[in-house]
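Novice: Going by the numbering used here, the sequence shown opens with residue 1, and the numbers climb by one from there. We put the beta carbon where it would ideally sit given N, CA and C, even for glycine. Because the structure is a prediction, the values reported are computed rather than measured. Below you will find the structure I want to go over with you.
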Amino acid sequence: MARPSSIDQLPRDVREIIGQLRMNGVTIDSILDKLKELDVDVSRSALARHTQKIDAIAERVRESRAAADAIMDRLGASTDNRQARLNIELMHASLMSLLAGEDGDDVVLSAQDAMFLGRALKDLASASKLDQDREIKLRDEIARQERQKAAEKAEDVARSNGMDAKQVAFIRAQILGVPVEKGEGNG
Numbered sequence: 001m002a003r004p005s006s007i008d009q010l011p012r013d014v015r016e017i018i019g020q021l022r023m024n025g026v027t028i029d030s031i032l033d034k035l036k037e038l039d040v041d042v043s044r045s046a047l048a049r050h051t052q053k054i055d056a057i058a059e060r061v062r063e064s065r066a067a068a069d070a071i072m073d074r075l076g077a078s079t080d081n082r083q084a085r086l087n088i089e090l091m092h093a094s095l096m097s098l099l100a101g102e103d104g105d106d107v108v109l110s111a112q113d114a115m116f117l118g119r120a121l122k123d124l125a126s127a128s129k130l131d132q133d134r135e136i137k138l139r140d141e142i143a144r145q146e147r148q149k150a151a152e153k154a155e156d157v158a159r160s161n162g163m164d165a166k167q168v169a170f171i172r173a174q175i176l177g178v179p180v181e182k183g184e185g186n187g
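Next up, the structure:
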């Protein structure tokens, strides 16, 4: 296994600053200036190698996001669940990237990593199921409301055309898809 770079050995908060600056498009020289302000001494070449890794990760995230957006457009995800579904697709893309390895290398997972991966996949499946259930429930509620509106309109039309209460109740029940009560009929 490769030895950690001088950047990898820096405190986490400094590495996060480097990452944030690079993700915001700050040049290597400007990052070096910021690190000098913080009394952190790293070589330009080490920083360049590190920022190449950051740039590669940022590009993979952009590609994954673009792919996930395209998938969401194809699936016709509603605005309510679009972000949740996007996150699920991004996590899938990240897991696939992890399993593909760097430069086609084989990936070896420890037992703990495999457990975390399994848990992540389980959580993704659960989130996807909840998302689907929420969408079905929303569609069912919209359909119920539309049937209710149609039944009210039909009831108004039937009454205005002189139908008796039993006939109106029968039409309403048919539109709403509910059983007709005993004693009610079509006239």
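To the nearest angstrom, how far is the alpha carbon of GLN112 from that of SER126?
Specialist: Near 21 Å, if we compare the C-alpha coordinates of SER126 and GLN112.
Novice: Would ILE47 be called buried (16 or more neighbouring beta carbons within 10 Å of its own) or exposed?
Specialist: Position check: residue 47 holds Leu in this sequence, whereas Ile was assumed. That one is buried.
Novice: Could you check whether the stretch 32 to 39 touches the stretch 49 to 68, counting it as contact only if at least three pairs of C-beta atoms, one from each stretch, sit closer than 8 Å?
Specialist: The stretch 32 to 39, when compared against the stretch 49 to 68, does not touch it at the 8 Å Cβ threshold.
Novice: Apart from the five residues on each side of it in sequence, which residues of its chain come closer than 8 Å, Cβ to Cβ, to THR51?
Specialist: So the list reads ILE18, ARG22, ILE28 and ILE31, once near-sequence residues are dropped.
Novice: Going by DSSP in three states, SER128 sits in which element: helix, strand or coil?
Specialist: Looking at SER128 - three-state DSSP - the assignment turns out to be helix.
Novice: Rounded to the nearest angstrom, what separates GLN20 and VAL42 at their Cα positions?
Specialist: Cα-Cα distance, rounded: 17 Å.
Novice: What are the boundary residues of the alpha helix (DSSP H) that GLY25 is part of?
Specialist: Where GLY25 is concerned, there is no enclosing alpha helix (DSSP H), given that its DSSP letter is neither H nor E.
Novice: Going straight from the alpha carbon of ILE136 to that of ASN161, what length do you get?
Specialist: Looking at the two C-alpha atoms, the distance is approximately 37 Å.
Novice: Can you have a look at VAL168 and say buried or exposed, based on whether 16 or more other CB atoms are within 10 angstroms of its CB?
Specialist: It counts as buried.
Novice: Does DSSP classify VAL14 as helix, strand or coil?
Specialist: Reduced to three states, the DSSP call for VAL14 is helix.
Novice: Have a look at ARG49 and LEU130 and give me their C-alpha separation to the nearest angstrom.
Specialist: Computed Cα separation, rounded: 42 Å.
Novice: Given a cut-off of 8 Å, decide if PHE170 and VAL180 are closer than it, judged by their beta-carbon atoms.
Specialist: Going by C-beta atoms, VAL180 is nearer than 8 Å to PHE170.
Novice: Does the Cβ-Cβ distance between ARG147 and GLY177 come in under 8 Å?
Specialist: In contact: ARG147 and GLY177 (Cβ atoms closer than 8 Å).
Novice: Between LEU10 and PRO4, what straight-line distance do the alpha-carbon atoms span, to the nearest angstrom?
Specialist: LEU10 and PRO4: Cα-Cα distance of roughly 10 Å.
Novice: Do you know offhand how far LYS149's Cα is from PHE116's?
Specialist: Rounded to the nearest angstrom, the two C-alpha atoms are 49 Å apart.
Novice: According to the neighbour-count rule (16 or more other Cβ atoms, all chains shown, within 10 Å of its Cβ), is ARG172 buried or exposed?
Specialist: With 16 or more other Cβ atoms within 10 Å, it is buried.
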